[in-house]
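For my numbering, count along the sequence shown from 1 and bump the result up by 5. Glycine included, C-beta positions come from ideal geometry on N, C-alpha and C. Remember, predicted model here, so these are calculated numbers, not experimental data.
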Amino acid sequence: MTTQHLLLMRHAKSSWNHEGLTDHERPLNKRGRRASRDIGDVLRAKNLVPDHIWSSDSARTRETFARTFEDSSIKPKWHSGFYHASANQVLYICAENGEPETGTLMLLGHNPGWEDLLFHFSGLSRRMPTGACAIFDRTRTKADWLEQESWRLVELLLPRDYERNA
6 MTTQHLLLMR
16 HAKSSWNHEG
26 LTDHERPLNK
36 RGRRASRDIG
46 DVLRAKNLVP
56 DHIWSSDSAR
66 TRETFARTFE
76 DSSIKPKWHS
86 GFYHASANQV
96 LYICAENGEP
106 ETGTLMLLGH
116 NPGWEDLLFH
126 FSGLSRRMPT
136 GACAIFDRTR
146 TKADWLEQES
156 WRLVELLLPR
166 DYERNA
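Below, the structure is given as structure tokens:
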């Protein structure tokens, strides 16, 4: 069995209101916390809660994970190399780690690398705003899992499409 779905998620909206924090330490703002929860609700409704999460180790990606998958038993693998990484750097780290044996894998990180990864896996040039999550399904199990031909973009979830007033 091989990974059947790939989720590519950009961290949610972060706050700039914390003087003295480095970029790596910035938390989510209120909108980002809400968007993370909303995208998590959509993924649960689609039965796409990831089995594996490989994420940047920044404060905003950690908080995005925590709020998207509250009450989850998922144990993310934190990758310092994902922090502001290019698509090529992320692909290199993924190749080093090897494909998970089963289930759904989420890659959680930052632009510009995540928009470039969206292009790499789909061949489509699309904006990936904060909190967005691209859903791919497996098309070729015999191909290298990091090749574009292995995946089909199913949907691009945008937080603004799922906003609640709460």
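First and last residue of the uninterrupted alpha helix (DSSP H) at residue i
i, result
"Ile98", "Ala92 to Asn102"
"Val47", "Lys35 to Ala50"
"Trp119", "Gly118 to Ser127"
"Phe70", "Ala64 to Thr73"
Residue i - containing beta strand (DSSP E), residue span
i, result
"Glu160", "Trp156 to Leu162"
"Ala139", "Cys138 to Arg143"
"Thr146", "Run containing Thr146: none; DSSP gives neither H nor E here."
"Thr109", "Thr109 to Gly114"
"Arg173", "This structure cannot speak to residue 173, because the chain is shown only from 6 to 171."
"Ser61", "His57 to Ser61"
"His84", "Lys82 to His84"
Local Cβ density within 10 Å of residue i, reported as buried at 16 or more and exposed below that
i, result
"Glu120", "buried"
"Gly128", "exposed"
"Arg38", "buried"
"Ser63", "buried"
"Glu168", "exposed"
"Arg72", "buried"
"Asp46", "exposed"
"Trp21", "exposed"
"Leu68", "According to the sequence provided, residue 68 is Glu. The question's Leu does not apply to it. Result: buried."
Whole-angstrom C-beta distance between residue j and residue i, which should lie under 8 Å
i, j, result
"Phe87", "Ile98", "7 Å"
message = Any contact between the stretch 47–60 and the stretch 104–116? By contact I mean 3 or more CB pairs, one from each, below 8 Å.
response = At 8 Å Cβ cutoff, the stretches touch.
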